[in-house]
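Undergrad: Residue numbers (the numbering used here), protein chains in the order written: chain A, 198 to 661; chain B, -5 to 501; chain C, 6 to 284; chain D, 21 to 338.
All C-beta atoms, glycine included, are put in the ideal place defined by N, C-alpha and C.
Structural data, given as structure tokens:
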């Protein structure tokens, strides 16, 4: 039988060191392959190796066969010839993957025009259809900057699949999407094998794997730990790590024990907020008590982040007001960010950033080190720059940084949405732990209702 | 660089239209440093005259001998106070209008009202009397016809002025009429067929003002310009080895002078000025800067000024020790830093000069270094030349270096009078009153008798040579490059004309 | 892409930025050399930059004059060395006086945004619109022969480039969440500038500065060309370029010398910055 | 395109205001500086008029009387502003001609030269910058950097003269100087253009490097566009943005260079005139020239703005 993708003993090296592999697997037309594993386990490397887009510093070994012809030996030019025609790719960050200066419609049209090779008029018709089918109507003239994450992902999908490539490679296609859009995109992917195509999806979300089914490959630290049909792997995992991965799915979390809330430290009275003149939320009320954990949910684009800014005092409310309890220091309210690397000065070693904060708040450096240890961060990491440590570690360091200020409130903006389930769970557990110890109130913005249910004392649902 | 060169060459071939091919040899292109930006004779008269667009009443040949131009002859009354100029018949301006006494009188009156050469003459009135131009003077002034050769006395057509008498066009009587004028860079001219004199052989000519000597040298070398005036020393010596052109250097009555403030305590004594003269390395300057050994000035008046240059004056010398000795006589003693001092005062002075003639700052720098050796500390200030007359007027000037043209008019007496009579003038002696010289100059100005003139001239030259109110440094050579194909080129030492009307192409 | 960079790190493969590349070493070495030349001046070879010998002009290299003599028979080596003092300090000072205000105003504009931004922007445009040449010539004319006026005028025209660059880059940097975080954590302006702005825009600024140094000296040459500038017998590279121009045909090696010195300086600056910008 | 039109109008308005500000600033500053200059204006003007053979104290006094230079400065400034209000730039103190006419003829030549320079610089810088941007750190890249540094370190006049020697004297491709035909434009433009290209090719190079390393560029490739299409349809457009903005900065530098190049190539331009006017204390001329140059700069910047808006639709879709 012919396989559309066949990978045999694939490894990726950086110089002498093996970053990933060896792995072997194969997918037949109409089949689905899902690659699971923790963030930074080298899942993306597999996709890049198959595509032939590995960065210059990296080198792949082993056989890669696509539609019966071996490709890993081909020169880049010939592999590039397959892009769009035989292999389609869904990018990780749809926003960054679209040309910021070109309107959505044209970015898809040019695929039909130049990849599928349709005449201009037809290309435009095809694009119009695609926009219809993907529920993108109205977004034609928008620039990527004006698209929501889900829309951008679907535009990218349309642009990538215009060439009718039988094989679709999707790398973390659901990253940072809210529940509703999440489902839409997954459905989209599910259609691919249904129509005889081949799907290679990379994800760290068990839910996605469950929905897509097919063949599952589980990676850890670049090592293949287990593979097999989705059903068996998901229901009866053979490897402990796989099990851990499944357990880490928020669905399976135990309810965290509620915390005895103290006095009110932050109140918002019929707060209305707007950003760039765009009216977002009004009539929002909240009285936040010491040490309590509040989850804030709602569809993306409704203004959760903006609301946090208002609570943090970074954004003046359109009306209503935010009041802090007496004697609360100016820096008592801190924030955790969705994308940890973006929350640190890029070119400065982490230690410097932390020491700055410690010095400013006369916090003893020993305390910082203890907190880090407590959060399970190797002190050796501090000599590195933000882009040199993994997302999980960095998020923990940013928690430590926030604690250095001895805050009373932590506003966490989807702090774990980019982390794999295990790291996510551990990070949130730690957050819960320190919050309890330091008696810190936490407002957690999340779009995963399971997390909200299981982790928070109470949930605030924002709705239009 | 290669890459960019290639790119450039590509552009080149894309647009190249080579002007050197297919050039009808009835046209001449002249390049010279002087820009022409105004229609006003008092401002740009000299170029207009040199290009033979406009003419004066009186003309002068290369030797400075006067000859008729728009005036056929002139007479002076017994008392020498009334000059009458008979005008040429049948002369028309380029616009076809007739040249007559009215036009001449208007033009001259305007020139007379403007600051300029006519104001230096004792003129009391300019009028038209039955077709003749009559000029009255307060005191006998034999040089009047000579003055009327000056470029500021050219006669534009009435149509060259607007209602308020402002000049608005270049219309004259000369053999060439203006076809195109792009101030300040160029004038294009065509032969004027209605010219009263012999028709020029050239059909057209173009004048291009290229302010940079380097550019002019390249214009000559490439053949873009057939006739290039005023070349710098380096360019000149390079062009001498280019075989498509021949170079000429003509001595002209222009000299580089050091003007000394004779009232300044340092220079009140003639010996101080002689010391400066002795410390002036004329030979070195002539060799290194102008590169004409013969241009070292042995006396004030250049050989080109045949009547005034005197062979029996001993040429000025350079002798640093003698200079030191003279200064020592005057009580100057070297201080610990080598600079001379006299009762606590350092011999530290400022020399004013200007960059418009590139050689001047160089000469100044040369003086600075030589004078340093005899213990004079010299600050060189290169600025506008107007700082020199200014300094002369307010007495702030120490020493000034400049070039003086004694050939403004064929008879330099007017210039000499300004410069040395009655205590001197802006571009001559400063606070230096010498009755003999003043007297002699007045005699020269008022008499026509060659004997007396020669005597007085000798007297003036002699005293100036002794007293050195101004210290001669160099005499000028007028440097020209001429295309070998061009013939009949006459280089006028008085720089009154580029000689367009005589030159022609030989194939 | 971040994924595989994490991988590389975890695998212990460090980023390229840690080691100091050879080019930077050479750059710094060159700078040091120039500094020595400038400080030592003509003293280094014991020649007098003003001593003329009108009978030995435009001579090629010889034992007495390793780099030949100029149009007045002065020793080129001595003049280049004494020129180094003036030219380098001129370049340095004009870069400082242009770079500092330019950068600070740029940061201010980006920081406060709104009216302050628009005002400063308009001001910068107005300065650019006012022919820089006019400013320089005027300042040079106001105090003739003083090179302080020269570099003041030159930097007056140069600061805008720094301003524009800083303003545009700082806008982007200041909008990053990391800055918001640092503000929340209580970092003051000074720390924000040092930790966020300087590292981001520093290299770019230095590249501008390297070219700015060249511009400063060539502007002096340009001014000399319209015969404004430093009084004789002062030696300054730019002035020397103008002085030696007339002899470009006879003795091209002479005018090439100050040019070469300037090239060396700019090259040194560039290399020590780390060559072409971008991390 | 309606959005674009609105944007264009907005830009036009702001630039218009700026133009007025510039006009006032330039006028007053240049006047103030002219007043601040040392030396006697009457003498300088007389010098400018009559040349060193004819200029003397008498002529200076005549000029002083004629131009009323002994009036208080404020009176003179007021007089200038009054005439300006009637869109009259006054008459040149030195040449006695109308400043407006003088500028009218000279500005044209200078703009022609400037345009030529920009074109030349783009012809050189674009291919060079893009090529070195596509292979950062490559041979071409480092070579173009070296050459850029070299060119930037040569004064414009030396560059110009070398070009003349090569292309006019040796190859006889173009005339040395003057302005008879288009061929006269080539060498001066090239001289200025090289100076500009020396910097702009680096700017282009950096812009291209940025664009090439962007995620969207990789996606454009993986979605199936050929390398060439990706370059032409995406990379260049994104890279163009910083480049076009940079041209705005260069315009100022141009005005400097123009002065030198104009006098080397005997080009009857405005920069050359400005220098003469400053030396000759031709206040009306200086103010007029500075004013016109300032406004020209604003106008050209307007074009740059519009070009940017044209390239970058962001902020248009509101």
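Does the beta-carbon distance from residue 53 of chain C to residue 80 of chain C come in below 9 Å?
TA: Contact: yes.
Undergrad: Thinking C-beta only, is residue 257 of chain A closer than 9 Å to residue 366 of chain A?
TA: Cβ atoms of residue 366 of chain A and residue 257 of chain A: not closer than 9 Å.
Undergrad: Below 6 Å CB to CB, which residues in the same chain sit around residue 490 of chain A once its five sequence neighbours on both sides are set aside?
TA: Only 639, 653 and 654 meet the Cβ criterion.
Undergrad: Would the region 138 to 158 of chain D count as touching the region 227 to 238 of chain D if we require 3 or more Cβ pairs under 8 Å?
TA: In short, these stretches touch, since the Cβ pair count reaches three.
Undergrad: Is the separation between the beta-carbon of residue 342 of chain B and that of residue 469 of chain B shorter than 9 Å?
TA: No.
Undergrad: Please tell me whether residue 426 of chain B and residue 257 of chain B are closer than 9 Å, where the distance is taken between their beta carbons.
TA: Going by C-beta atoms, residue 426 of chain B is nearer than 9 Å to residue 257 of chain B.
Undergrad: Going by the CB atoms, is the gap between residue 217 of chain A and residue 439 of chain A shorter than 9 Å?
TA: No. Outside cutoff.
Undergrad: Taking 7 Å as the limit between beta carbons, can you name the residues of its chain near residue 264 of chain D, skipping five residues before and five after?
TA: If we look at residue 264 of chain D and ignore the five residues flanking it on each side, its Cβ neighbours are 324, 327, 328 and 331.
Undergrad: Tell me, please, whether the region 160 to 177 of chain B touches the region 31 to 47 of chain B by the rule of three or more beta-carbon pairs shorter than 8 Å.
TA: Yes, they touch.
Undergrad: Which residues of the region 60 to 86 of chain D have a Cβ closer than 9 Å to any Cβ of chain B? Give them in chain order.
TA: Within the region 60 to 86 of chain D, the residues whose Cβ lies closer than 9 Å to some Cβ of chain B are 60, 62, 63, 64, 65, 66, 67, 68, 69, 70, 71, 72, 73, 74, 75, 76, 77, 78, 79, 80, 81, 82 and 83, listed in chain order.
Undergrad: Which of the three DSSP states is assigned to residue 607 of chain A in this structure?
TA: In the structure shown, residue 607 of chain A sits in a strand (DSSP, three-state: E or B).
Undergrad: Given this structure, state the Cα-to-Cα distance separating residue 35 of chain B from residue 120 of chain C, to the nearest angstrom.
TA: Rounded to whole angstroms, residue 35 of chain B to residue 120 of chain C spans 55 Å at the Cα level.
Undergrad: Please decide whether residue 182 of chain C counts as near chain A, where near means a Cβ-Cβ distance under 9 Å.
TA: So, interface residue.
Undergrad: Please report whether the beta-carbon of residue 470 of chain B lies at a distance below 9 Å from any beta-carbon of chain D.
TA: Answer no: the Cβ-Cβ gap between residue 470 of chain B and chain D never drops below 9 Å.
Undergrad: Looking at the C-beta of residue 288 of chain A, does it have a partner C-beta in chain D at a distance below 9 Å?
TA: Answer yes: the Cβ-Cβ gap between residue 288 of chain A and chain D drops below 9 Å somewhere.
Undergrad: Report buried or exposed for residue 284 of chain C, applying the criterion of at least 16 other Cβ atoms within 10 angstroms of its Cβ.
TA: Residue confidence for residue 284 of chain C is low, a pLDDT of 32 falling below 50, so the modelled location carries little weight and cannot support an answer.
Undergrad: Our contact map puts residue 240 of chain B next to residue 476 of chain B with C-beta atoms below 8 Å; I'd like the distance itself, whole angstroms only.
TA: Contact flag correct, Cβ pair sits at about 5 Å.
Undergrad: Taking C-alpha atoms, which residue in B:498, B:244 and B:217 lies nearest to residue 233 of chain B?
TA: Comparing Cα positions, the closest option is B:217.
Undergrad: Evaluate residue 273 of chain A with the Cβ neighbour count: other Cβ atoms within 10 Å of its Cβ, from every protein chain shown; 16 or more gives buried, anything less gives exposed.
TA: Residue 273 of chain A should be labelled exposed.
Undergrad: Within 9 Å of any Cβ in chain A, is that where the Cβ of residue 245 of chain D sits?
TA: Closer than 9 Å to some Cβ of chain A, the Cβ of residue 245 of chain D qualifies, so yes.
Undergrad: Out of A:266, A:271 and A:264, which one is the CA nearest neighbour of residue 250 of chain A?
TA: Out of A:266, A:271 and A:264, A:271 has the C-alpha closest to the C-alpha of residue 250 of chain A.
Undergrad: DSSP state of residue 472 of chain A, grouped into three classes?
TA: Three-state result, residue 472 of chain A: strand.
Undergrad: Provide the residue span of the beta strand (DSSP E) that contains residue 424 of chain A, from first to last.
TA: Start and end: 420 to 426.
Undergrad: Taking 9 Å as the CB-CB limit, is residue 257 of chain C close to chain B?
TA: Residue 257 of chain C does not count as touching chain B.
Undergrad: Go ahead and pull the three-state DSSP assignment for residue 321 of chain D.
TA: Residue 321 of chain D falls in the helix class under three-state DSSP.
Undergrad: Would you say residue 201 of chain A faces chain D, with C-beta separation under 9 Å as the test?
TA: Chain D contact via Cβ: absent.
Undergrad: In this structure, does DSSP put residue 489 of chain B in helix, strand or coil?
TA: Coil.
Undergrad: What residues are listed by DSSP as bridge partners for residue 684 of chain A?
TA: Outside the shown range of chain A (198 to 661) lies residue 684 of chain A, about which nothing can therefore be said.
Undergrad: Is there a Cβ from chain B that is less than 9 Å from the Cβ of residue 292 of chain D?
TA: Closer than 9 Å to some Cβ of chain B, the Cβ of residue 292 of chain D qualifies, so yes.
Undergrad: Please report the Cβ distance between residue 349 of chain A and residue 287 of chain A, rounded to the nearest whole angstrom; I am assuming they are in contact, meaning their Cβ atoms lie under 8 Å.
TA: Their Cβ separation, rounded to whole angstroms, is 11 Å, which puts residue 349 of chain A and residue 287 of chain A out of contact at 8 Å.
Undergrad: According to a CB-to-CB cut-off of less than 9 Å, which residues of the region 236 to 262 of chain A neighbour chain D?
TA: Flagged, chain order: 248 and 250.
Undergrad: Strictly under 9 Å for the Cβ-Cβ distance: is residue 191 of chain C near chain A by that measure?
TA: Answer yes: the Cβ-Cβ gap between residue 191 of chain C and chain A drops below 9 Å somewhere.
Undergrad: Alpha carbon to alpha carbon, how far is residue 514 of chain A from residue 289 of chain D? Give it in angstroms, no decimals.
TA: Between residue 289 of chain D and residue 514 of chain A, the C-alpha separation is close to 58 Å.
Undergrad: Just curious, the beta strand (DSSP E) that residue 470 of chain B is in, first and last residue?
TA: Taken as a continuous stretch (DSSP letters only), the beta strand (DSSP E) holding residue 470 of chain B covers 464 to 477.
Undergrad: Can a CB atom of chain D be found closer than 9 Å to the CB of residue 16 of chain B?
TA: Reliability of the predicted coordinates at residue 16 of chain B is poor, the pLDDT of 48 falling under 50, and the value obtained from them is presented with this limitation in mind. Judged by the 9 Å Cβ criterion, residue 16 of chain B is not in contact with chain D.
Undergrad: Report the residue from A:613, A:330, A:466 and A:411 whose alpha carbon sits nearest the alpha carbon of residue 230 of chain A.
TA: Per the Cα distances, A:411.
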